[in-house]
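The structure appears right after this line, and notes come after that.
The following block contains the structure:
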C-alpha cells in the first residue's frame, strides 16, 4: 500500500493541472488563432471553448464525486460505462495523445532555444534539436522513476516560475493596447471564409491549450482526498482560461490580425519584442522553455500512469503494472519514454511538426473526453429517479456536444490517422486478454467497433501510402 506521505494534496493537484495545461500552447496562441480567424470569430471561439471545457471540467468533478472508487480516471470511466474494450481504447489513445504532446513540447523547447543558439532551428527538429530533446526526455524519465511526489514538487516550482513572463506580457499589452488594431478586420476577410469557418479554425488550437483539465482525475488514485480532485480541476481550469483570453484579446490590440498570423512560434515573444524591444522576447523565450519543461514533467507523470492503471485493471499486459521501490510505474514509464523517443526522431522529417503533433494529440484525446462525458450522461439516467439531477444532465449533454463538435472541426484526415493508432492498440488488447485467458470481447458491439477500426485503419494506411493523405 502507498504511504500517505506519497499522496498529493489539493495544491499538489492544482499545480499538476496548471503545469500540464499552461505549456507551449499559450505561448503560440495569438498567431495560431489569428491565422484562420478575425477578432470576432476568435471571441466566439473562446466562448464555445469556455463553455465546452467547463462542461468537461464539471463532468470530471461529478464523476470523481459519484465514483470515487474509479481511481483510474479517464480509462476507468469508459471501462465502467461501456466495457473493457472501450475502456482499453480510451486508455490507449489517451496515452498516445500524451506522448504526441510530449514530442510537440520537446520540439518547441528547441525552437525557442534557436532564438539564442543558431545550432538549433526554429522548428526544433534538426539533429542538434533532436539530440537535445532526447536528453531532456530521458532526464525526465529518471526523475519520475524516483517517485511521482518528487516530480510533482518540481512541477509546482516550475509552474510558479513560468507564470511571471506571462504576467509581464499581459501588463505590457495592456499598456500598448490599441483599439484600432483590435478592430482591424474585426469580422475577418473573404480569404478566411465566413464566420462559421473562422470559428471552426480556432477550435483545435483553443482545445490544445486546455488539455490537462483531467490531470487531477488521472492521478486521483494518488490524491489524499477524492474531494480535492474535483475542486483542483475547477480551480486549475479557471486560472488557465482567464490567462488565455487575456493573452489573445490583448495581443490583437498590440498587433493587427495579419501581422499576428505571420509570426513564428512562439508568437508571444515577437509580440513583446515589437512592444518593448528584444529583451521582451528573451524573457518570453526563457519563460517558454521553463513552461515546456514543466509541462513535460507533468505529462510524464500522467502519461506513465495510464498503461499502469490499465494493466492493473486487466486490459493491458501485466508487465506494465510493475512498480519500482519508489512506487513509480517503472515499466510503463520506460515504454512511454521509448515511444516518445521514436516519435521525436520521426519529427525530424516534418516541416510543420509542432502544429501537426498537437493536432494529432488534441484529436486523439477527444475520444476519452467524449467517452467520459457520455458515461456521465448515462449515469444521470441510470441512478434512479430519486437521484436524477437536471443540472448534471445538462452539463453532460454540453460536454458530449462539445467533443463531437471538435471532432468535426478537426476533420476526416486526423480521425483516420487516429484509427491507425486504435488498430495497433488491438494487438496489446489481445495480448492482455490471452495472458489472462479471458474472453476477447464481452459484447457484440465491441466486435463491430473493432472491425470498423481495423477497416478504417487499413484505409488510412492506404491513403498514406498513395500520398493522398500526409501524416506530417
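In UniProt numbering, the protein residues as written are 1 to 472. Don't be surprised by glycine CBs; every beta carbon is placed ideally from N, CA and C. For clarity, every value in this text was computed on a predicted model and none was experimentally measured.
Taking every protein chain shown into account, the CB of residue 325 has fewer than 16 other CB atoms within 10 angstroms, so this residue is exposed. Of the other Cβ atoms in all chains shown, fewer than 16 fall within 10 Å of the Cβ of residue 194; this residue is therefore exposed.
Of the candidates 29, 192 and 242, 242 places its Cα closest to the Cα of residue 18. Around the beta carbon of residue 179, a 10 Å sphere encloses fewer than 16 other beta carbons of the protein chains shown; the residue is thus reported as exposed. Around the beta carbon of residue 144, 16 or more other beta carbons lie within 10 angstroms, which makes this residue buried.
Taking C-beta atoms as the reference points, residue 249 and residue 268 fail to come closer than 8 Å.
Spanning the alpha carbons of residue 140 and residue 444 requires a straight line of approximately 42 Å.
By the Cβ rule, the segment 367-378 does not count as touching the segment 164-181, because fewer than three pairs are nearer than 8 Å. Within the model, the alpha-carbon separation for residue 62 versus residue 44 is close to 27 Å. The criterion of a C-beta distance shorter than 8 Å is not satisfied by residue 129 and residue 116.
In the same chain as residue 187, and ignoring 5 residues on each side of it, the C-beta atoms closer than 6 Å to its own belong to 38 and 40, in chain order. With a beta-carbon spacing of about 4 Å, residue 228 and residue 10 fall inside the 8 Å limit used to define contacts. Your pair residue 97 and residue 207 does not check out as a contact, with CB atoms roughly 11 Å apart and the cut at 8 Å.
Taking each of 16, 8 and 427 in turn and checking the Cα distance to residue 297, the smallest one comes out for 16.
By the C-beta criterion, the segment 336-351 is judged not to be in contact with the segment 64-80, since fewer than 3 inter-stretch pairs fall below 8 Å. The Cβ atoms of residue 247 and residue 53 do not sit closer than 8 Å to each other. Bounds of the alpha helix (DSSP H) holding residue 413 are 412-435.
Beta-bridge annotation (DSSP): residue 8 is paired with 223. Between residue 66 and residue 181, the beta carbon gap of about 47 Å keeps them out of contact (Cβ cut-off 8 Å). Per DSSP, reduced to three states, the secondary structure at residue 39 is helical.
DSSP places residue 293 inside the alpha helix (DSSP H), whose first and last residues are 278-312.
The Cβ atoms of residue 432 and residue 85 lie no closer than 8 Å to each other. Of the candidates 329, 110 and 290, 329 places its Cα closest to the Cα of residue 307. When secondary structure is reduced to three states using DSSP, residue 125 falls in the coil class, being assigned neither helix nor strand. Taking all protein chains in view, the Cβ of residue 347 is crowded by 16 or more other Cβ atoms within 10 Å, so the residue is classified as buried. In chain order, 105, 108 and 292 place their CB closer than 6 Å to the CB of residue 24, counting only its own chain and leaving out the 5 sequence neighbours on each side.
In the structure shown, residue 438 falls within a coil segment according to DSSP collapsed to helix, strand and coil. Out of 244, 14 and 377, the CA that lies nearest to the CA of residue 47 is found in 244. Inside the segment 49-122, DSSP marks whole alpha helix (DSSP H) runs of 4 or more residues at positions 74-82 and 84-113, from first to last along the chain. Unbroken alpha helix (DSSP H) runs of no fewer than 4 residues, entirely contained in the segment 332-373, are not found. With respect to the C-alpha of residue 137, the residue from 33, 327, 103 and 289 having the closest C-alpha is 103. Restricting attention to 310, 260 and 327, the CA atom closest to the CA of residue 71 is found in 310. Per the C-alpha coordinates, the member of 395, 464, 314 and 418 positioned closest to residue 87 is 314.
Between residue 295 and residue 35, the beta carbon gap of about 22 Å keeps them out of contact (Cβ cut-off 8 Å).
For residue 317 and residue 13, the gap between their C-alpha atoms comes out near 28 Å.
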